Amino acid sequence: MITNEQIASNVKLGIAPIGWTNDDIPELGGQISFEQCVSEMALAGFQGCEIGIKYPRNIHQLKKALELRKLEICNQWFTYTLTVDPLGEVSKEFKAHLDFLEAMGAKVVGGGECGNAIHGKAIPILGEKVAFSEEEWQKVTKGLNELGEIARDRGFKLAYHHHMGTGVQSIAETDRLLESTNPDYVFLNYDCGHFVFAGEDPVVALKKYIDRVAHIHLKDVRQSILKRVKNNKLSFLEAVIAGVFTVPGDKEGSIDFPSLFEILEKSKYDGWLVVEAEQDPAKANPLEYAMMAKNYIVQQLSAQHLLD
Numbered sequence: 000m001i002t003n004e005q006i007a008s009n010v011k012l013g014i015a016p017i018g019w020t021n022d023d024i025p026e027l028g029g030q031i032s033f034e035q036c037v038s039e040m041a042l043a044g045f046q047g048c049e050i051g052i053k054y055p056r057n058i059h060q061l062k063k064a065l066e067l068r069k070l071e072i073c074n075q076w077f078t079y080t081l082t083v084d085p086l087g088e089v090s091k092e093f094k095a096h097l098d099f100l101e102a103m104g105a106k107v108v109g110g111g112e113c114g115n116a117i118h119g120k121a122i123p124i125l126g127e128k129v130a131f132s133e134e135e136w137q138k139v140t141k142g143l144n145e146l147g148e149i150a151r152d153r154g155f156k157l158a159y160h161h162h163m164g165t166g167v168q169s170i171a172e173t174d175r176l177l178e179s180t181n182p183d184y185v186f187l188n189y190d191c192g193h194f195v196f197a198g199e200d201p202v203v204a205l206k207k208y209i210d211r212v213a214h215i216h217l218k219d220v221r222q223s224i225l226k227r228v229k230n231n232k233l234s235f236l237e238a239v240i241a242g243v244f245t246v247p248g249d250k251e252g253s254i255d256f257p258s259l260f261e262i263l264e265k266s267k268y269d270g271w272l273v274v275e276a277e278q279d280p281a282k283a284n285p286l287e288y289a290m291m292a293k294n295y296i297v298q299q300l301s302a303q304h305l306l307d
């Protein structure tokens with residue numbers, strides 16, 4: 000078995016708690032404690048994790064729990080509301096967010112623009128489309144440039160997450176966001192599953208954006224469920240409950256991960272690879288799927304010579 004010490008120093012493996020308890024649907028995994036979640040992350044062999052709804056906000060308490068399990072914090076979602084709130088208000092919340100992440104030793108701040116998002120609403124996710132007006136595009140890109148500069152000056156990378164149900168979910172929209180922002184301040188949180196959900200080729204997307212990618216979310220998509228989402232006009236959260244997402248390594252998935260890892264090898268990607276596959280833990284045992292994903296990713300890293 001390959002240990003964490005054998006993983007190349009420029010690549011770290013993380014996992015999001017969303018497979019144990021879903022921040023947007025707290026009843027999924029509502030009975031699972033924070034301690035069980037991080038213990039199983041460590042048992043599965045991950046080096047770090049993102050922050051979820053059940054994580055304690057007390058820095059000393061959280062650090063102690065993570066240090067006991069040899070886990071690091073790599074990122075936490077930030078909800079940008081630049082389309083609806085004054086930049087000054089968003090900036091104040093952003094700085095407080097950075098304070099917390101800095102205390103936890105993280106170097107990436109993620110998140111997406113949710114001021115007019117629909118992914119949390121009872122709306123068909125493949126039937127409705129959020130589109131920024133020209134004024135909203137200006138607010139988002141100007142705001143991200145300013146916040147990204149603040150992040151850079153504090154040793155962070157702002158990694159913007161394209162996401163279903165928001166104004167940036169397609170390749171064309173991601174193009175516009177990246178072309179309209181400063182590459183020194185704004186990076187991409189690439190998510191192969193969200194590109195597939197949006198009808199895009201995740202391999203094409205990664206190859207196109209790899210030079211701006213600062214953080215990576217890995218999940219797979221069950222095409223049979225995605226077809227049901229479209230035919231039955233399900234919302235995004237209904238799609239999650241139905242099982243549209245799964246982890247890399249699941250035979251029910253559809254993404255060409257070997258091609259993605261080949262791109263990472265050629266680019267000498269330096270950063271976190273984070274399993275972020277929201278599922279119903281009553282149907283997909285979180286520890287079992289975490290181990291499945293870890294083993295598969297290590298195999299891919301080894302095949303692409305990304306291991307020491």
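Mapping the sequence shown onto numbering that gives the first Met the number 0, position 88 (from 1) lands on 87, and the numbers just tick up by one. Where is the CB? At the ideal position from N, CA and C, for every residue including glycine. Since we're looking at a predicted model, the values are computed, not measured.
Can you grab the Cα-Cα spacing for the pair residue i / residue j, in whole Å?
{"i": "Ile-1", "j": "Leu-300", "result": "Only weak support is given to the placement of Ile-1: the predicted model assigns it a pLDDT of 41, under 50, and the question is left unresolved by the model."}
{"i": "Gln-332", "j": "Gly-270", "result": "An answer regarding residue 332 cannot be provided, because it is not within the stretch 0 to 307 covered by the chain."}
{"i": "Asp-22", "j": "Ile-52", "result": "6 angstroms"}
{"i": "Tyr-208", "j": "Leu-187", "result": "8 angstroms"}
{"i": "Glu-275", "j": "Phe-244", "result": "9 angstroms"}
{"i": "Gly-110", "j": "Leu-259", "result": "22 angstroms"}
{"i": "Phe-256", "j": "Phe-194", "result": "13 angstroms"}
{"i": "Gly-44", "j": "Lys-218", "result": "17 angstroms"}
{"i": "Gly-242", "j": "Asp-279", "result": "7 angstroms"}
So which of the options has the shortest CA-CA distance to residue i?
{"i": "Lys-94", "options": "Tyr-288, Ile-149, Val-37, Asp-255", "result": "Ile-149"}
{"i": "Glu-39", "options": "Pro-25, Gly-87, Lys-63, Lys-69", "result": "Lys-69"}
{"i": "Glu-308", "options": "Ile-240, Ile-24, Ala-41", "result": "Not covered by the structure: residue 308. The range shown for the chain is 0 to 307."}
{"i": "Gly-126", "options": "Lys-141, Asn-9, Ala-197, Gly-110", "result": "Ala-197"}
{"i": "Phe-99", "options": "Met-290, Pro-201, Phe-155", "result": "Phe-155"}
{"i": "His-161", "options": "Pro-280, Glu-66, Ala-121, His-214", "result": "His-214"}
{"i": "Val-10", "options": "Glu-264, Ala-281, Lys-282, Gln-278", "result": "Glu-264"}
{"i": "Pro-85", "options": "Lys-232, Gly-192, Glu-145", "result": "Glu-145"}
{"i": "Ala-281", "options": "Leu-61, Leu-97, Gly-18", "result": "Gly-18"}
For a test of the three-state rule: what should DSSP assign to residue i, helix, strand or coil?
{"i": "Ile-262", "result": "helix"}
{"i": "Ile-72", "result": "strand"}
{"i": "Lys-156", "result": "strand"}
{"i": "Cys-113", "result": "coil"}
{"i": "Val-243", "result": "coil"}
{"i": "Lys-141", "result": "helix"}
{"i": "Phe-235", "result": "helix"}
For residue i, count neighbouring Cβ atoms within 10 angstroms of its own Cβ and tell me buried if that reaches 16, exposed if not.
{"i": "Glu-49", "result": "buried"}
{"i": "Ala-130", "result": "exposed"}
{"i": "Ser-234", "result": "buried"}
(message) Closer than 8 angstroms is the cut-off here; do at least three beta carbon pairs connect the stretch 97–106 with the stretch 223–241?
(response) Contact fails: fewer than three Cβ-Cβ distances are below 8 angstroms.
(request) Count the C-beta pairs between the stretch 44–59 and the stretch 134–147 that are closer than 8 angstroms, then say yes if the count reaches three, no if not. (result) no
(request) Give a yes or no on contact between the stretch 78–91 and the stretch 25–39, applying the rule of three or more CB pairs nearer than 8 angstroms. (result) no
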